[in-house]
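Engineer:
Numbering (my numbering), first residue to last: 160 to 397.
Structure representation (structure tokens):
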């Protein structure tokens with residue numbers, strides 16, 4: 160599979176892809192690697208800052224080109240998002256992204272009006288949970304400025320994830336997700352086969368006392384391989 164065929168909506172899924180009124184401020188900083196078919200192709204990071212019921216997210220990813228172009232990524236992108244936590248959902252107030260690769264540099268800004276009823280792709284890394292709630296029991300309605308799709312999450316049971324950078328481990332849950340395209344996808348879009356079965360898997364861990372859950376591993380499975388993001392560093396601060 161050519162890397163250039165999967166970096167669009169599929170990478171958005173990875174960026175992904177993660178209490179009404181939190182009383183305390185806190186933050187999470189994480190780094191991750193990207194692999195395709197078991198081969199490392201890139202790296203990225205994400206962060207979440209929480210103050211009361213407000214949140215602010217940042218993320219970035221770079222996917223390598225051919226070996227002889229080691230210092231020239233095939234694709235790179237950064238994104239930012241902010242809004243308010245309302246119970247077990249996010250109310251997005253703004254999203255922006257900058258992308259280099261494909262047809263050239265692109266910039267995108269979405270305001271609250273355009274995102275009403277949706278979360279942006281970066282919002283998939285932050286899953287608020289009411290006390291005693293199941294982080295996997297939800298449907299995410301996502302809009303990236305061009306594509307609208309749903310992720311219908313289902314619980315896959317408890318899990319433990321080992322973080323490579325520090326040798327530690329975190330408890331969490333594994334979710335499967337059904338991908339449902341809504342608008343903006345062409346008939347030959349490489350992510351459309353994800354409609355059949357549970358092509359997206361997420362490993363989530365609680366943060367900030369369990370009021371939000373965030374991804375440690377996200378896997379998007381295709382017919383001839385899987386695109387995987389795995390956290391190598393996960394740091395919480397009060």
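Glycine included, every Cβ here is placed at the ideal spot set by N, Cα and C.
All values reported here derive from a predicted model rather than from experimental measurement.
1) How is the beta strand (DSSP E) around residue 392 delimited, first residue to last?
2) Rounded to a whole number of angstroms, what is the C-alpha to C-alpha distance between residue 215 and residue 196?
3) Residue 376 and residue 391 look like a contact to me (Cβ under 8 Å); what is the Cβ gap, rounded to whole Å?
4) Please state whether DSSP places residue 321 in a helix, a strand or coil.
5) If you draw a straight line from the alpha carbon of residue 188 to that of residue 249, how long is it in whole angstroms?
6) Residue 290 to residue 233, Cα distance in whole Å?
7) Roughly how many angstroms lie between the CA atoms of residue 342 and residue 302, to the nearest whole one?
8) Tell me the DSSP bridge mates of residue 207?
9) Taking 6 Å as the limit between beta carbons, can you name the residues of its chain near residue 235, skipping five residues before and five after?
10) How would you call residue 294, buried or exposed, if buried means at least 16 neighbouring beta carbons within 10 angstroms?
11) DSSP on residue 365, reduced to helix/strand/coil?
12) From the DSSP output, read off the bridge partner residues of residue 270.
13) Hey, how far is the Cα of residue 365 from the Cα of residue 340?
14) Hey, how far is the Cα of residue 202 from the Cα of residue 389?
15) Counting C-beta neighbours from all protein chains within 10 Å, is the total for residue 347 16 or more, i.e. buried, or is it exposed?
16) Report the option in 384, 190, 319 and 381 whose CA atom is closest to the CA atom of residue 284.
Structural biologist: Reading from the atomic positions:
1) 384–396
2) 32 Å
3) Not really, about 11 Å apart at Cβ, beyond 8 Å.
4) strand
5) 19 Å
6) 42 Å
7) 9 Å
8) 187 and 216
9) 221 and 259
10) buried
11) strand
12) 253
13) 28 Å
14) 9 Å
15) exposed
16) 190
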